[in-house]
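Numbering of the sequence shown is given in the numbering used here, commencing with residue 64 and proceeding in unit increments. Don't be surprised by glycine CBs; every beta carbon is placed ideally from N, CA and C. Contents: one structure, followed by commentary.
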Amino acid sequence: MTDTAKFIFAFLLLTLTIGMFYYFSNQPISLRIVILLIGFIASLVAVVNTDRGQSVVGIMRDTQIEFRKIVWPGRQETTQTTLIVLLMVITVASILWLFDSLLMWAVRLLTGQGA
């Protein structure tokens, strides 16, 4: 079966599954959800068996491998970085407050509002 046929089959199967979910609205929701999940999984299996699907699976495997290579910071490094960021935020906020106060003072002086 060609990839195009597999994609069409997966699309039709998924469409049929969604249609069945609404057609059997008088059935218990648990049964309808099981039907929906089975149809979704079957469609996913059909898509994964295509060349593009295999490519996506390969990318996902490579992503997992790269994700495992990440070195996460320890507790001490995280605490130190957080404190540095907090200190910088306070410093920049203070500088901006001082600059704003000076500008307000200059504007009041120039407009004659400062007595």
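Are the beta-carbon atoms belonging to residue i and residue j less than 8 Å from one another?
{"i": "residue 141", "j": "residue 66", "result": "no"}
{"i": "residue 105", "j": "residue 69", "result": "no"}
{"i": "residue 98", "j": "residue 84", "result": "yes"}
{"i": "residue 80", "j": "residue 103", "result": "yes"}
So for residue i, helix, strand or coil by DSSP?
{"i": "residue 19", "result": "The structure shown does not extend to residue 19, since the chain spans only 64 to 178, so no value can be given for it."}
{"i": "residue 102", "result": "helix"}
{"i": "residue 88", "result": "coil"}
{"i": "residue 64", "result": "coil"}
{"i": "residue 176", "result": "coil"}
Please return the same chain residues whose Cβ sits closer than 8 Å to the Cβ of residue i, not counting the five positions on each side in sequence.
{"i": "residue 117", "result": "111"}
{"i": "residue 144", "result": "136"}
Measuring CA to CA, which of the options is closest to residue i?
{"i": "residue 76", "options": "168, 107, 150", "result": "107"}
Do you know offhand how far residue i's Cα is from residue j's?
{"i": "residue 123", "j": "residue 73", "result": "21 Å"}
{"i": "residue 139", "j": "residue 158", "result": "29 Å"}
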